[in-house]
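Residue numbers (our numbering): 4 to 151. Following: one structure in structure tokens, then a few remarks.
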């Protein structure tokens, strides 16, 4: 049974024609109306989504720790960005020795998510609706992350 499909991560990629590669991620995002921002030498803006989580995990767990987890849809680009940032900044590998990932809940064949509007309580499976079971997988990363 497949719990993740490549298209599940597409919504996590910022579409921007200025990127050299679609997989590139932002360390700093320019100011947008309605979002928090800070005045800096780079201009008004905020840290990119990925660097926020890297900073939080380094603060509480250090540059390398035993277990990291999340949904399979976060492997790319989110967790790949975390690995790239922390290992480059610290010089320590691996970021995490073990990875565990959960599958996605599917409603009528689509992943349940805010972006598709299927995350409300009314979207929960009911008689006549179908959903795929969730699953987990773990892999040691002493030599490589689970997506390599």
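The beta carbon of each residue, even a glycine, is placed where N, CA and C say it ideally should be.
| Query | Result |
| --- | --- |
| Completely contained alpha helix (DSSP H) runs for the stretch 9 to 76, where each covers 4 or more residues | 52 to 64 |
| Close beta carbons around residue 1, own chain, < 7 Å, minus the five adjacent residues each side | No answer is possible for residue 1: it lies beyond the span of the chain, which begins at 4 and ends at 151. |
| Through-space distance from residue 90 to residue 96, alpha-carbon basis | 6 Å |
| For residue 119, the residue or residues it bridges with in DSSP | According to DSSP, residue 119 bridges with nothing at all. |
| Cβ contact check for the stretch 61 to 72 and the stretch 30 to 41: 3 or more pairs under 8 Å | no |
| DSSP state of residue 96 mapped onto helix, strand, coil | coil |
| Residue 22 versus residue 100: straight-line alpha-carbon distance, rounded | 31 Å |
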